[in-house]
Amino acid sequence: MRERSRDKKRLEHMLQAIERICRYTKGKNFEDFIADDMMYYAVVKNIEILGEASNMLTEEFRQAHPKTPWKQVNGMRNYIVHEYFQVDNNVVWDVITNDLPILEQQIKEYLIEEK
């Protein structure tokens with residue numbers, strides 16, 4: 169039961185990070201994103217949080233939910249942390265606009281399952 173509670177907490181952290189990213193970028197376009205340092209770094213930090221939380225999910229949980237690309241979620245975190253000065257802003261924007269809405273929906277479904 170403790171592991172399940174831990175997974176739920178990590179999913180909540182992930183959802184919070186996604187919701188912050190969505191709030192920061194709502195109504196913005198790519199040019200706005202790269203022109204606003206504060207927004208950019210806030211988004212990047214939340215992608216780090218998202219990846220770190222996903223990495224802390226139990227292996228059992230990740231295996232039970234294979235439709236989510238867990239390695240890629242954590243891989244994006246690693247990319248940002250380790251390639252910090254070479255991060256491709258287009259890749260980050262693509263994640264925000266294309267990948268996060270799908271991941272957000274999956275996490276919401278998982279949280280319903282975990283109740």
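For the sequence shown, the numbering used here gives the first residue as 169, with consecutive numbering after it.
The beta-carbon is built from N, C-alpha and C at its ideal position, and this holds for glycine as well.
Handout entry: Residues near HIS233 by beta carbon distance below 7 Å, same chain, minus five either side
Key = Excluding positions up to five away in sequence, the list reads TYR278.
Problem - LYS283 beta carbon less than 9 Å from that of LEU183 - result: no
Exercise for the section: Note the first and the last residue of the continuous alpha helix (DSSP H) segment covering LEU268. Expected result: 268 to 281
Handout entry: Pairwise C-alpha distance: ASP204 and GLY219
Key = Straight-line Cα distance between these residues: approximately 23 Å.
Exercise for the section: Give the secondary structure of MET244 by DSSP, where H, G and I count as helix, E and B as strand, and everything else as coil. Expected result: It is helical.
Handout entry: Sufficient close CB pairs (3 or more, under 8 Å) joining the stretch 266 to 275 to the stretch 245 to 255
Key = Remark: fewer than three beta-carbon pairs, one from each stretch, lie closer than 8 Å, so the stretch 266 to 275 and the stretch 245 to 255 are not flagged as touching.
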